[in-house]
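**Student:** Here the protein sequences come in this chain order: A and B.
Heads up, the first sequence is in this note's numbering, so the first residue is 3 and it goes up one at a time.
Heads up, the second sequence is in this note's numbering, so the first residue is 303 and it goes up one at a time.
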Amino acid sequence: QKEVEQNSGPLSVPEGAIASLNCTYSDRGSQSFFWYRQYSGKSPELIMFIYSNGDKEDGRFTAQLNKASQYVSLLIRDSQPSDSATYLCAVNIGGNTPLVFGKGTRLSVIA
Amino acid sequence: DTAVSQTPKYLVTQMGNDKSIKCEQNLGHDTMYWYKQDSKKFLKIMFSYNNKELIINETVPNRFSPKSPDKAHLNLHINSLELGDSAVYFCASSQASRGEDTQYFGPGTRLTVL
């Protein structure tokens, strides 16, 4: 059974702080790793994808991947109230294959 | 321009009815998916189609029948609706090329079965 685990939260951080979101996955064959953001009542929106071990930065967001530990994380620097949402970690075995999602971490950024 | 669109956005119906949800993507992608998000917000794959052919059929009751008339459209027909079918259904599409296989999601269809 392929599983993706996330802490459900809520994770509360003050405005301007760094929010750290973590995810572990069970399938060692996983090749592609994604972070989606989902606002209440909306569809998942891609934040970052990462395929290789290490860090990948895009603006205020940094994704980190450690395949040996089967661990993916997302750092949000200078958190804003507009970042308050549920963050979904998703993995697949690459190509056009279905995503296996975690249950999401609810982030609350307090102004 | 809407990349992945779904209709209807909301669907309220009685138990036992049959209903359909439609999805269209204008991204030129070859692969389309149906995901179900339950009341606990857990997103799970239902079906995957590649170039109009069924690739993945997770353990979904056979009351659910997807149909892809062409690679830009993937519809979902549900027979004999049950209370447990109430959920948000998301369509998505992807095209694995140039090392990127990101899936793009439609706005979702919130199905409520009374």
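Just so it is clear, CB atoms sit at the ideal spot from N, CA and C, and this is done for glycine as well.
As the structure is a computational prediction, the values presented were derived from the model and not from experiment.
Any chance the stretch 26-41 of chain A sits against the stretch 76-95 of chain A, with 3 or more Cβ pairs inside 8 Å?
**Tutor:** yes
**Student:** Go through its chain and collect everything with a Cβ distance to B/K369's Cβ below 7 Å, but skip five positions before and after it.
**Tutor:** N377, H379
**Student:** Just how far apart, CA to CA, sit A/M50 and B/L385?
**Tutor:** 35 Å
**Student:** Which first and last residues belong to the beta strand (DSSP E) in which B/K324 is found?
**Tutor:** Taken as a continuous stretch (DSSP letters only), the beta strand (DSSP E) holding B/K324 covers 321-327.
**Student:** Listed from N- to C-terminal order along the chain, which residues in the stretch 68-94 of chain A have their beta-carbon within a distance smaller than 9 Å of any beta-carbon of chain B?
**Tutor:** T88, L90, A92, N94
**Student:** Report the option in A/S86, A/F103, A/L13, A/T64 whose CA atom is closest to the CA atom of A/T26.
**Tutor:** A/F103
**Student:** Of all Cβ atoms in chain A, is any one closer than 8 Å to the Cβ of B/P263?
**Tutor:** Within the shown structure, residues of chain B are numbered from 303 to 416, placing residue 263 of chain B beyond reach of any answer.
**Student:** Going along the chain, which unbroken runs of the beta strand (DSSP E) with 3 or more residues stay wholly within the stretch 368-397 of chain B?
**Tutor:** 375-380, 389-396
**Student:** Please state whether the Cβ-Cβ distance between A/I52 and A/R62 is less than 8 Å.
**Tutor:** no
**Student:** Does B/L244 pass the burial test, meaning 16 or more other C-beta atoms within 10 Å, or should it be called exposed?
**Tutor:** No answer is possible for residue 244 of chain B: it lies beyond the span of chain B, which begins at 303 and ends at 416.
**Student:** Considering only residues of the stretch 23-54 of chain A, which uninterrupted beta strand (DSSP E) runs meet the minimum length of 3 residues and lie entirely inside it, listed in chain order?
**Tutor:** 34-40, 47-52
**Student:** I need the boundaries of the beta strand (DSSP E) containing B/V314, first residue and last residue.
**Tutor:** 312-315
**Student:** Using 8 Å as the cut-off, can you tell me whether the stretch 397-413 of chain B makes contact with the stretch 309-316 of chain B, which would need three or more C-beta pairs spanning the two stretches below that distance?
**Tutor:** yes
**Student:** Run the CB neighbour count on A/R30, radius 10 Å, all protein chains shown included, and call it buried at 16 or more, exposed below.
**Tutor:** exposed
**Student:** Using a Cβ-Cβ cut-off of 6 Å (strictly less than) and excluding sequence neighbours within five positions of A/D57, which residues of its own chain qualify?
**Tutor:** Excluding sequence positions up to five before and after A/D57, its CB lies within less than 6 Å of the CB of T64, Q66, all in the same chain and listed in chain order.
**Student:** Taking the Cβ atom as the reference point for each residue, do A/L13 and A/T107 lie within a distance shorter than 8 Å?
**Tutor:** A distance below 8 Å separates the beta carbons of A/L13 and A/T107.
**Student:** So B/Q339 and B/F407 are in contact, right, with Cβ under 8 Å, and what is the actual spacing, rounded?
**Tutor:** B/Q339 to B/F407, Cβ: 10 Å. No contact.
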